[in-house]
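Undergrad:
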Amino acid sequence: MTVHDRRPHRPRSDEGSASVFVIGIVLVLFAVVGLVADGGRAVNARVAIVDDAEQAARAAANQLDVAHLRATGEARIDPGAARDAAVDFLSVRGYAPGRMTVTAADDQVTVEVEDVVPTVLLQLVGVDRFTVEGSATARAAVGIVTEIGGAP
Numbered sequence: 000m001t002v003h004d005r006r007p008h009r010p011r012s013d014e015g016s017a018s019v020f021v022i023g024i025v026l027v028l029f030a031v032v033g034l035v036a037d038g039g040r041a042v043n044a045r046v047a048i049v050d051d052a053e054q055a056a057r058a059a060a061n062q063l064d065v066a067h068l069r070a071t072g073e074a075r076i077d078p079g080a081a082r083d084a085a086v087d088f089l090s091v092r093g094y095a096p097g098r099m100t101v102t103a104a105d106d107q108v109t110v111e112v113e114d115v116v117p118t119v120l121l122q123l124v125g126v127d128r129f130t131v132e133g134s135a136t137a138r139a140a141v142g143i144v145t146e147i148g149g150a151p
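In terms of numbering that gives the first Met the number 0, the sequence shown has 59 at position 60, counting the first letter as 1, and numbering is strictly consecutive.
#1: Would you kindly report the start and end of the unbroken beta strand (DSSP E) that includes D106?
#2: Please classify R138: does DSSP put it in a helix, a strand, or coil?
#3: Distance, Cα to Cα, A137 vs A104?
#4: Going by other Cβ atoms of all chains shown within 10 Å of its Cβ, with 16 needed for buried, is D114 buried or exposed?
#5: Residues bridged to P117 by DSSP?
#6: Determine the DSSP secondary structure at G133, reduced to helix, strand or coil.
#7: Using the DSSP secondary-structure output, state which residues sit across from L63 in a beta bridge.
Okay, here's the thing in structure tokens:
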């Protein structure tokens, strides 16, 4: 006597399709996690670079031409000293000289900084770094509670 299996037979053409689907979903989720993690690092770096540019601009704007201030009562920035102060500040913070631009005039200083943030997870899909830029402008001002002469 022969025992017959009475279960219906299903076609086997879809074997492994769930595995391909799961691998695809895992790759998409991994890319999203990479964007969140490395994107967060880029945003944090942008905040830090703008803060450093602001502080460098403030340090530079403090470099007044004292002789001119005493003679006329007018605050004027010493452009050479301002550039040196901004470059010194940014160098201490770890920025390379080729990644910063300092423009100093009589009444204001503009600092532009650029840096590169390496990625961690996005390297796996070919994105190995983000370039982050920040800038700030400060102007010469004297006074304790309010600016002498007022804002322009």
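Ideal placement from N, C-alpha and C gives every residue a C-beta, glycine not left out.
TA: Checking against the coordinates, here is how it stands:
#1: To locate residue 106, count along the sequence shown from 1; it is residue 107. Careful: D106 lies outside any beta strand (DSSP E) and carries neither H nor E.
#2: The residue you call residue 138 lines up with position 139 of the sequence shown. Note: R138 maps to strand in three-state DSSP.
#3: Residue 137 sits at position 138 when you count from the first residue of the sequence shown. Residue 104 sits at position 105 when you count from the first residue of the sequence shown. So the two alpha carbons sit approximately 11 Å from each other.
#4: What you label residue 114 is simply residue 115 of the sequence shown in a count that begins at 1. Buried, because 16 or more other Cβ atoms sit within 10 Å of the Cβ of D114.
#5: Within the sequence shown, residue 117 is the residue found at index 118, counting from 1. Bridge partners of P117: R128.
#6: As a first step, residue 133 is located in the sequence shown; it is residue number 134 there, counting from the start. It is a strand residue.
#7: The residue you call residue 63 lines up with position 64 of the sequence shown. I76, per the DSSP bridge assignment.
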